[in-house]
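For what it's worth, the UniProt record's numbering labels the leading residue of the sequence shown as 1, then goes sequentially. Beta carbons: idealized from backbone N, C-alpha and C, even for Gly. The structure presented is a predicted model; accordingly, all values stated were derived computationally and were not measured. Input: a single structure, listed below in structure tokens.
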Amino acid sequence: MPVYKAPVEDTLFLLNDVFQFERYNNLPGFADATPDLVEAVLGEGAKLCEEVLQPLNHSGDQEGCKRNADGSVTTPKGFKEAYRAYSEGGWIGLAMDPEYGGQGLPYTLGAVMNEYASAANMAFAMYPGLTMGAIAALYVHGSDEQKRAYLPKMIEGAWSGTMNLTEPHCGTDLGLIKAKAVPNGDGSYAITGTKIFISAGEQDITENIIHLVLARIEGAPAGVKGISLFVVPRNAIGADGKVGENNKVSCGSIEHKMGIHANSTCVMNYDGAQGWLIGTENKGLNAMFVMMNEARLGVAIQGLAQSEVAYQNAVAYAKDRLQGRSLTGVKNPDKAADPIIVHPDVRRTLMSIKAFNEAARAFVLWNAIKSDVAHRSTDAAERQAADDQLGLMTPVLKGVLTDIGFDNAVKAQQMYGGHGYIAEHGMEQFVRDARIAMIYEGANGVQAMDLVGRKLGRDGGRAIMAFFNEVGAFVKENEGDEALKPLLAPLAASLGHLQQATMWFMNNALAKPDNAGAGAHDYMHLLGLVCLGYMWAKMAKVAQDKLRAGANGATELMNAKLVTARFFMERSLPETAAHLARITSGSDATMALSAEQF
Numbered sequence: 001m002p003v004y005k006a007p008v009e010d011t012l013f014l015l016n017d018v019f020q021f022e023r024y025n026n027l028p029g030f031a032d033a034t035p036d037l038v039e040a041v042l043g044e045g046a047k048l049c050e051e052v053l054q055p056l057n058h059s060g061d062q063e064g065c066k067r068n069a070d071g072s073v074t075t076p077k078g079f080k081e082a083y084r085a086y087s088e089g090g091w092i093g094l095a096m097d098p099e100y101g102g103q104g105l106p107y108t109l110g111a112v113m114n115e116y117a118s119a120a121n122m123a124f125a126m127y128p129g130l131t132m133g134a135i136a137a138l139y140v141h142g143s144d145e146q147k148r149a150y151l152p153k154m155i156e157g158a159w160s161g162t163m164n165l166t167e168p169h170c171g172t173d174l175g176l177i178k179a180k181a182v183p184n185g186d187g188s189y190a191i192t193g194t195k196i197f198i199s200a201g202e203q204d205i206t207e208n209i210i211h212l213v214l215a216r217i218e219g220a221p222a223g224v225k226g227i228s229l230f231v232v233p234r235n236a237i238g239a240d241g242k243v244g245e246n247n248k249v250s251c252g253s254i255e256h257k258m259g260i261h262a263n264s265t266c267v268m269n270y271d272g273a274q275g276w277l278i279g280t281e282n283k284g285l286n287a288m289f290v291m292m293n294e295a296r297l298g299v300a301i302q303g304l305a306q307s308e309v310a311y312q313n314a315v316a317y318a319k320d321r322l323q324g325r326s327l328t329g330v331k332n333p334d335k336a337a338d339p340i341i342v343h344p345d346v347r348r349t350l351m352s353i354k355a356f357n358e359a360a361r362a363f364v365l366w367n368a369i370k371s372d373v374a375h376r377s378t379d380a381a382e383r384q385a386a387d388d389q390l391g392l393m394t395p396v397l398k399g400v401l402t403d404i405g406f407d408n409a410v411k412a413q414q415m416y417g418g419h420g421y422i423a424e425h426g427m428e429q430f431v432r433d434a435r436i437a438m439i440y441e442g443a444n445g446v447q448a449m450d451l452v453g454r455k456l457g458r459d460g461g462r463a464i465m466a467f468f469n470e471v472g473a474f475v476k477e478n479e480g481d482e483a484l485k486p487l488l489a490p491l492a493a494s495l496g497h498l499q500q501a502t503m504w505f506m507n508n509a510l511a512k513p514d515n516a517g518a519g520a521h522d523y524m525h526l527l528g529l530v531c532l533g534y535m536w537a538k539m540a541k542v543a544q545d546k547l548r549a550g551a552n553g554a555t556e557l558m559n560a561k562l563v564t565a566r567f568f569m570e571r572s573l574p575e576t577a578a579h580l581a582r583i584t585s586g587s588d589a590t591m592a593l594s595a596e597q598f
């Protein structure tokens with residue numbers, strides 16, 4: 001059966017040494033996040049994920065969710081109790097406002113917990129994850145009355161939350177939404193329509209579900225300019241806060257899907273359900289995007305999480321599985337064969353996953369800290385710079401981490417040979433679960449187009465220029481360090497590839513938009529690789545400094561960091577040249593065939 005060990009030591013290395021988490025203690029919530037508290041929080045979170053969530057992952061996948069005759073949904077055995085343990089531990093409210101029952105700690109710690117929970121049990125982690133996204137949208141755009149009515153119970157874990165966007169006829173193009181909202185005359189609206197692919201849309205783990213629903217008020221403008229956001233509780237809530245009868249909200253069916261079987265992905269029917277407007281009429285996408293951006297970072301973390309848990313199991317198998325002999329001579333003379341981890345191709349595979357995982361974790365935390373700065377700093381310029389980076393990097397995080405995370409789950413499965421294809425070993429579940437992360441919250445092709453079409457040129461390219469300057473300055477500041485030169489030279493070369501690709505788009509995409517569309521996927525991955533390379537350069541610098549200082553007990557770990565950094569620079573980062581070549585080939589061949597020729 002699969003195993004999982006939360007990477008607490010690596011997380012603490014990033015927070016304490018690479019990003020110097022303590023230097024942000026002027027921000028609200030950070031003063032309480034002392035190194036001792038952070039270590040204790042991560043330790044307790046790891047324990048919950050390893051001991052409560054992970055043992056339910058395989059059984060939950062096998063059992064799945066069941067829709068009952070009355071439209072209710074039964075989640076797999078143990079999920080209700082696990083959710084109770086999760087909520088009672090305060091994990092939903094870890095970074096939420098204390099005014100509504102949260103602990104007020106940095107969002108960054110919530111991102112760490114998201115990784116651990118998603119690696120231990122991705123289908124389970126979606127229940128509290130979606131609730132936290134709904135909380136964020138209500139917190140930013142809800143009225144004071146709405147916040148008082150919903151947030152405490154959601155943060156407490158008594159109620160959960162969802163997002164309802166997709167309809168049978170439209171996914172990415174939300175301007176086609178048909179769900180309608182008719183004023184009831186008392187400040188509420190009657191919501192009618194069908195939503196599909198609604199994760200955690202119905203379940204038996206909380207006493208109520210607070211749905212956030214996009215709908216169109218009668219007479220609203222066509223397209224995205226006429227969409228409003230509503231809060232629609234599954235069950236009516238009385239003046240005393242108690243949960244009452246069903247609010248004409250029902251689960252029509254559960255989707256039969258490839259993975260995340262233990263999460264109830266529902267078709268939701270609204271038959272005149274009573275809902276209340278969130279924020280301003282016809283400005284629903286503004287409010288929903290708060291939740292969507294949170295969800296996109298959460299999905300990026302899922303890509304990392306599935307890569308990490310698949311890697312851990314592949315390493316354990318490679319150390320144990322005996323097959324063949326080492327090319328350089330017998331390594332296990334007492335056995336009939338050597339463990340497969342001695343073979344270079346096995347090591348190439350495992351090293352490629354390891355190098356991604358550690359850099360991707362750094363990439364996530366770097367941006368999670370920026371999110372905290374953007375939301376908590378009192379310095380307007382600091383907030384603006386952090387928000388710029390988040391806007392640029394969110395599609396990169398989502399697209400690149402889930403693309404590569406899925407590839408890595410497949411690579412890890414390959415380590416098992418035929419055993420990886422058999423359900424009892426659990427590797428095929430990681431592949432199935434990882435696949436959805438490339439699709440939902442905006443398919444990765446859409447993320448690439450968002451990056452190139454909207455984010456790259458925003459504010460005159462301010463965000464991408466700031467990134468160029470930051471990475472370039474890091475290279476220049478450290479170019480005199482002989483030990484780092486083998487890492488900095490490839491990073492500088494790849495940064496050059498990224499700058500060339502950016503300039504090529506500027507010169508060739510406006511007059512011929514298909515050039516941007518044809519090159520968007522490659523540009524997203526080119527930028528992602530440079531980001532991961534930058535993370536490795538930062539980690540390597542810290543590791544080198546620690547070795548020079550003779551840090552106690554750090555030699556083995558820091559040497560491993562330097563070797564893995566070198567592997568990434570030698571084996572992964574050179575792919576930026578191929579991405580540049582594909583981008584600058586333009587769109588002619590891509591667009592030349594007629595539809596009938598396919």
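Item, Value
"From A111, L214, Q384 and V410, pick the residue whose C-alpha is nearest to that of V299; which is it?", "A111"
"Please classify V18: does DSSP put it in a helix, a strand, or coil?", "helix"
"In whole angstroms, what separates the C-alpha of V290 from that of K180?", "22 Å"
"Whole angstroms is fine: what's the gap from I205's alpha carbon to G185's?", "34 Å"
"Would you mind reading off the limits of the alpha helix (DSSP H) that contains D271?", "Run containing D271: none in the alpha helix (DSSP H); it sits in the beta strand (DSSP E), T265 to I278."
"The ligand NAD heavy atoms versus the CB of N57: any closer than 7 Å?", "Questions concerning the ligand NAD fall outside what the structure shown contains, since it holds no ligand whatsoever."
"Roughly how many whole angstroms lie between the Cα atoms of A501 and L580?", "6 Å"
"Ends of the alpha helix (DSSP H) at G519?", "P513 to A549"
"Tell me whether the beta-carbon of N121 lies closer than 8 Å to the beta-carbon of G60.", "yes"
"Report the rounded CA-to-CA distance for D338 versus E308, giving the unit in angstroms.", "25 Å"
"In the DSSP assignment, find the unbroken alpha helix (DSSP H) run with R216 in it and report its ends.", "No alpha helix (DSSP H) contains R216, which is instead part of the beta strand (DSSP E) from N208 to I217."
"Looking at C-alpha atoms only, which residue of A215, E207 and A200 is the closest neighbour of G193?", "A215"
"Leaving aside the five residues before and after S253 along the sequence, list all residues of the same chain whose C-beta is less than 8 Å from its C-beta, in chain order.", "R67, C266 and V267"
"Would the beta-carbon of I260 fall within 8 Å of that of A423?", "no"
"Should V182 be labelled buried (16 or more other beta-carbon atoms within 10 Å of its own) or exposed?", "exposed"
"Can you give me the start and stop residues for the alpha helix (DSSP H) that F13 sits inside?", "Premise fails: F13 is in no alpha helix (DSSP H) and is neither H nor E."
"Pop quiz: Y139 and A200 are said to be a contact at Cβ under 8 Å. What is the actual Cβ separation, rounded to whole angstroms?", "19 Å between Cβ atoms; not a contact."
"How would you write the range of the alpha helix (DSSP H) that F406 sits in, first residue to last?", "A380 to M415"
"Between which two residues does the alpha helix (DSSP H) containing L161 stretch?", "Correcting the residue identity first, residue 161 is Gly in this sequence and not Leu. Counting along the chain, G161 falls outside any alpha helix (DSSP H), though it belongs to the beta strand (DSSP E) covering W159 to N164."
"Of the residues K538, G93, Y100 and T394, which one's Cα is nearest the Cα of P106?", "G93"
"When burial is assigned at 16 or more other CB atoms within 10 Å of the CB, is K398 buried or exposed?", "buried"
"Run through DSSP, which three-state label would T328 get?", "coil"
"Would you report the Cα separation of D334 and A318, rounded to the nearest angstrom?", "18 Å"
"Are A386 and A409 touching if we call contact CB-CB under 8 Å?", "no"
"In angstroms with no decimal places, state the Cα-to-Cα distance between A437 and V330.", "42 Å"
"Going along the chain, which residues of its own chain have a beta-carbon closer than 6 Å to the beta-carbon of M393, five neighbours each way excluded?", "N367"
"Is DSSP giving Y189 helix, strand or coil here?", "strand"
"Per DSSP, what are the beta-bridge partners of S199 in this structure?", "T265"
"For A181, which beta-bridge partners are listed by DSSP?", "I191 and I217"
"With I260 as the anchor, note down where its beta strand (DSSP E) starts and where it stops.", "Neither: I260 is in no beta strand (DSSP E) and is coded neither H nor E."
"Closer than 6 Å by C-beta to L451: which residues in its own chain qualify, once you throw out the five before and the five after it? Chain order, please.", "P395 and M524"
"Using a Cβ-Cβ cut-off of 7 Å (strictly less than) and excluding sequence neighbours within five positions of A492, which residues of its own chain qualify?", "V475"
"With C-beta atoms as the reference, is L573 less than 8 Å away from G519?", "no"
"Go to E81, then tell me how far its alpha helix (DSSP H) extends in each direction, as first and last residue.", "F79 to E88"
"Report yes if the CB atom of Q413 is closer than 8 Å to the CB atom of G405, and no otherwise.", "no"
"Do the segment 149–160 and the segment 81–90 touch if we need at least three Cβ pairs shorter than 8 Å?", "yes"
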